[in-house]
Structures are given as C-alpha cells and as structure tokens.
Amino acid sequence: MCAAPMPPLAHIFRGTFIHSTWTCPMEVLRDHLLGVSESGKIMFLEESSQEERLAKEFCFKPCEIRELSHHEFFMPGLVDTHIHAPQYYFAGSNLDLPLLEWLTTYTYPTELRFQSIDFAEEVYTKVVRRTLKNGTTTACYFGTIHTDSALLLAEITDKFGQRAFVGKVCMDMNNTVPEYKETTEESLKETERFVSEILKKNYSRVKPIVTPRFALSCSETLMGELGKIAKTNDLHIQSHISENPDEIEAVKKLFPGYKHYTDVYDKNDLITNKTVMAHGCYLSAEELDIFRDRGASIAHCPNSNLSLTSGFLNVLEVLKHEVKIGLGTDVAGGYSSSMFDAIRKTVIVSNILSMNNVNTKSLTLKEVFRLATLGGSQALGLDKEIGNFEVGKEFDALLINPKASDSPIDLFYGDLVGDISEEMTEILRRCMWAESKWFPFQAQSKAFSIYEFSWDNVVLRLPCVQVELESQNSTLFLG
Ligand SMILES: [Zn+2]
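Using full-length UniProt numbering, you'd call the opening residue of the sequence shown number 1 and step up by one each time.
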C-alpha cells in the first residue's frame, strides 16, 4: 500500500547515473533508482537497496521500473552556451581567415540570406535536429538581424523539445557589408517585437535573449537601450568579448572613452548576472573581477578560437577569479556542432597552456565534463533546473549505449568486471574522445515512451534524449 496519495511517476529507472556536482567533477552512481514525475522532475535518486521504502513512498510496483543494461548509463544533457544557428549552413568550411575578415567575407553575406523564411526554415530545422542528435539538450542561439526568421528558430526549437535561448541579432554598424545592418530605431523596435512575440507564445523551454552582436557592430545608443530592455523585462543577454587582438584594438579606437572592452559593455548595462559573453580570451584580471562581481558568465569556445586563430582562453584563470563558465561550439567559427568536440578541444587548449608553462597543470577530462553540463547550466542561469541529477531538477538526460550498432568505441572482454565506477568512468571517457555523433531514436516499447518521435513532427515529452553512438555522417543542404 502507498503511504499517501501521490501523483503517479512517469518513469522509474534503475541503473548507472553519471553526473557532476560542485564537489565532485564526475560522480558515478551505480545501481541507483531514479524517479521522474509527470512534469519531468526528478523525485528521487537513491541506491536500489532503498527500493521497498521508495515504492511505498512513491506508489510504484517493481514491474514499472525500467532496468538499464549493464553497459548503459544516463548522463546529463549537454549545454551549448554559444552557437550561431544560421552559420550552421557553412559549418566545416571557410576557416581560412581571421575573425574580422571572416565575418566580412563569409558570415555577413550568409546571414543576409536569412531574410528568406524558407531558407531559414531549412537551415534552422537542420541545426536543431543535428545538435539534438549530438546530445545538446540546451542551446544558446544567435539568429540573424531578421526578426521573423529568429521567431521561426524559437518555434522550431520548441517543436523539437530542445531547451533554448534564442536571440535576434542587433547591429546598427557595418561598414564592410552595409546592406547587413539595421538603423538603431529598427533594431530596438524589432527587439521589442521579438521579445514580446516569444513571451506571448509562452514556450515552456524557449526564452528570448537580448543579443547585441559585439561592440564593433553596435552604437553606444543601441547598447545602452538594449541594456534597458533587458533590465525592464528581466532578460538574459549574450554577446562576444575579447576574442581576437585586432578586434580588441578596433574596440579601443572606436570607444576611446572607456577603460577596456568590458567597460564598454558594463557602462551600457550589458554585464549582468544574466549575461553570457563568448570567448574572453584576452580579458585582464580586472575585467574578470567585473564579471565575477556582476555575476556574468563566459562561454568558452575552443574550437572556434583555434580554427579562426583567435587565441587561448585560460579556463583555470577564469575559475580562479570565480567567474561562471560553460562551453560552446560557436558554430561556424567552430567547425563542429558537437559538444563532445568542445570537451575535447577544451582539454587540448588546457594542455597547450600547461606545455607553454602558462599554467602548472591542465584541466582534467572530468572537470571539463562538468563544464559541459553543470557549468553550462550555471552560465545560463539554469542550474536550478538542469545540469545534473539533483532531486527537484528536471530530468534532462542522455541515455548512453556504448554497444549500439556502428558505435565508434569498442568495449573489451575485461570491461565492466572490475570496479564498476572506474569502468563506467573509463567508458564515458572513451565516448568523449571518440569521433562520435549521437542521435535520438524512437523508444522501442510503448510502455516506455521517453518521447514520441517521427521526423515530420517530433515532440519530446521530456527533455530526455535516448542516444546511440553513430559513426560520422554529414548534413547536406539544398539550394
Ligand atoms: Zn560567436
């Protein structure tokens, strides 16, 4: 008999759960039971030895428990804190120029094409599908200056069930591709419209984010007014900062009255506890202190920083200054839309910094795993909702099956027979280093339906993506 009337649980899982906490970068919980409520919240996560007590407390029968296979495990969904949805159109190409030339030659002309809703629909559908396949359950997207296309991006992320911040890009300065900019008035008016249209939709997991592109493409008036819009509506803010030496020099010249790059944003109310700034490779200790004091975050995008030869972010220094930090793919300055790639590149960049005696140690893979999950959730202000498997948070998870067909990693005869915690950690480590793509697939049984799935009308019931490992493949665009 149940102890008290209790709404029925939607799912009960038994198996291995791997996640991060602030005290442990990678915790392996073997043979645990996790219950998920109808609304998708984690109701309990305890050792299986507690089954009898939990069954009484939460009114479930043993036959309702879904048992994971010995080699399967859950991990939190990956959080991409910085990605440009329109640039997915040329991801993997056009990486032969440094930032400012790259923007002018490839990026602005491509983004201009998103005035076409049809073009936007094709690319935005593919980028959301692709990032979900890669295990990104939460993404912080830049759109373009086109409000209707950005609204469509929000609609598509909602339809697919991905959690997202979506931004309509604001820029009222662009001398190199002058057809790709707005007037200050247009930019502000359209931002107001964008925000109110999204809020009206009342999406459960998709929110608007105020998005000045970067200081070089925004007037002081525009930045200041966007800061006010964010404050009035209690909105998140995203932009770029201190990515490339030429960019920093240009900011100095354009804004001589400010102390440094951070000061330009800070004086215009754009550095808040809801701000996430991409890159920050060259931020001084004083600037990092401003980030910490305001509660602003950094999105570390190592693939992009390497591909566009922008620089190296010293993550250990950022952490020393107690600044919140997550990882981002920065498609298409970063050529990969996979957060597993961002994990690998973060470790490599950290290794390079220690090889060059900038640091005396490197980040461990476990620490970087935490940045890609819990760290990202904190950077986006979502750490009370997602990021790990704490009771009360949403069950936002990836189910990993390393034995799936065409898996890019191999399990060996001796695997999973020793210390299971160490073995699982090792398997996850192999998964993270493998050139993997991850994709959601339809739940096998009607009794266990994480989400309803068909390519024409995907509806995720929970932000929980069941994934297999898949060998490399690519997406082709028409037109
Ligand atoms: Zn970017």
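Glycine is no exception: its CB is placed at the ideal position from the N, C-alpha and C atoms.
Beta bridge counterpart(s) of residue i as assigned by DSSP
i	result
Ala139	Asp80 and Ala164
Val28	Ile18
residue 491	Residue 491 falls outside the range modelled here, since the chain spans only 1 to 479, and no answer is possible.
Ile65	Ile12
Leu33	Arg14 and Glu46
Cys170	Pro212
Ser297	Val276 and Lys324
Gly334	Val331
Val127	Paired residues: none, contrary to the question.
Val347	Partner(s): none; Val347 has no beta bridge.
Lys207	Phe165
Glu394	Lys41
Burial state of residue i (16 or more Cβ within 10 Å)
i	result
Asp396	buried
Phe200	Correcting the residue type first, residue 200 is Lys in the shown sequence and not Phe. Flag for Lys200 reads exposed.
Met26	buried
His19	buried
Tyr89	buried
Gly387	buried
Gly392	exposed
Asn401	buried
Lys384	exposed
Lys168	buried
Pro302	buried
Gln162	buried
Val368	buried
Met355	exposed
Cys281	buried
Tyr265	buried
Lys252	exposed
Trp22	exposed
Tyr345	The sequence as given places Lys at residue 345; Tyr does not occur at that position. Under this definition Lys345 is a buried residue.
Arg53	exposed
Ser336	buried
heavy atom of ligand 1 below 7 Å from residue i C-beta
i	result
Ala278	yes
His11	no
Asp80	no
His84	yes
His321	no
Gly326	no
Asp330	yes
Gly143	no
His70	no
His300	no
Gly333	yes
His260	no
His146	no
His32	no
His240	yes
Sequence-distant residues of its chain with Cβ nearer than 6 Å to residue i (five each side left out)
i	result
Pro212	Cys170, Cys218, Met223, Leu226 and Ser239
Phe13	Leu34 and Arg66
Tyr203	Asp158
Ser338	Asn134
Asn359	Leu316 and Leu353
His11	Val36
Asp80	Thr136, Ala139, Gly328, Thr329 and Met339
Leu382	none
His321	Leu288 and Arg292
Ala215	Val251 and Val264
Rounded Cβ spacing between residue i and residue j (contact assumed at less than 8 Å)
i	j	result
Pro208	Gly143	That belief does not hold up - the Cβ atoms of Pro208 and Gly143 are roughly 10 Å apart, past 8 Å.
Thr184	Thr221	5 Å
Ile198	Ala139	Not quite, the Cβ-Cβ distance comes to about 15 Å (not below 8 Å), so this is no contact.
Leu78	Gly40	Not really, about 18 Å apart at Cβ, beyond 8 Å.
Leu99	Glu243	6 Å
Gly326	Ala379	3 Å
Val195	Ile156	Between Ile156 and Val195 the Cβ distance is about 18 Å, and since that is not below 8 Å, they are no contact.
Ala230	Ile241	Their Cβ separation, rounded to whole angstroms, is 16 Å, which puts Ala230 and Ile241 out of contact at 8 Å.
Spatial neighbours of residue i in its chain, beta-carbon cut-off 7 Å, leaving aside the 5 residues before and after
i	result
Thr105	Leu97
Lys267	Tyr258
Thr107	Gln87
His260	Ser284 and Glu287
Leu363	Val315, Leu316, Thr346, Val347 and Ser350
Contact set for residue i: own chain, Cβ-Cβ below 8 Å, skip 5 residues either direction
i	result
Pro109	Val177 and Tyr180
Met6	Glu57, Phe58 and Cys59
Leu411	His71, Pro402, Lys403 and Ile427
Leu152	Ile117, Ala120, Glu121 and Tyr124
Asp341	Asn303, Thr329 and Gly334
Arg193	Thr147
Lys61	Ala55
Distance cut-off 7 Å: residue i Cβ against heavy atoms of ligand 3
i	result
His236	As presented, the structure is devoid of ligand 3, carrying ligand 1 as its sole ligands.
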